[in-house]
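Anchor point for the sequence shown: position 54 equals 54 in full-length UniProt numbering, and the numbering is continuous, going up by one each time.
Even for Gly, the Cβ is constructed at its ideal location relative to N, Cα and C.
Just so you know, these numbers come straight off a predicted model, no measurement behind them.
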Amino acid sequence: METARPVPIPPDAPTAPALPEHSGPWRAHRYLHRLARAMRRYGWTTEVRYGQLLPTLLRVYSAAVPSIGESVTVVRANGIWWYRASTGEWLAPCTNLQLATQRLSVLLTPWVTAALASSRDETK
1 METARPVPIP PDAPTAPALP EHSGPWRAHR YLHRLARAMR RYGWTTEVRY
51 GQLLPTLLRV YSAAVPSIGE SVTVVRANGI WWYRASTGEW LAPCTNLQLA
101 TQRLSVLLTP WVTAALASSR DETK
């Protein structure tokens, strides 16, 4: 009985085929759902919004102040998939979920804190 042995790849072997065009929306959905789960673990509320004319968006906000939030899309640049905020800021590569969640929290926390402080001042 013969066991498996390494087989070298010939130098003139064809490369893997390019990804089909339809993989873009699928990957965007996958990355946005992954970010949504991570943001919910940190206490944020998330909604994935699918559009036919617009790209899929992930809306991230605090349940206490739903009118203040951030919409995140996934874009591909130079062969790398990125999370991008609605302000145009590049948050993090999609492979770095921890950095994306931290940057989103840093963007949203001051706005939510200010809104909550303002609403407390109005009730006095």
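Cβ neighbours of residue i in the same chain (closer than 8 Å, five flanking residues each side left out)
| i | result |
| --- | --- |
| residue 44 | 60, 61, 62, 104, 105 and 108 |
| residue 31 | 74, 81, 83 and 94 |
| residue 24 | 76 |
Distance, residue j Cα to residue i Cα
| i | j | result |
| --- | --- | --- |
| residue 79 | residue 112 | 34 Å |
| residue 48 | residue 6 | 45 Å |
| residue 52 | residue 88 | 21 Å |
| residue 8 | residue 56 | 42 Å |
Same chain, Cβ closer than 7 Å to residue i, five either side skipped, listed in chain order
| i | result |
| --- | --- |
| residue 85 | 70, 72, 91 and 107 |
| residue 40 | 46 |
Assigned exposure category for residue i - 16 Cβ within 10 Å defines buried
| i | result |
| --- | --- |
| residue 50 | exposed |
| residue 13 | exposed |
Check whether residue i and residue j have beta carbons under 9 Å apart
| i | j | result |
| --- | --- | --- |
| residue 28 | residue 97 | no |
| residue 58 | residue 36 | yes |
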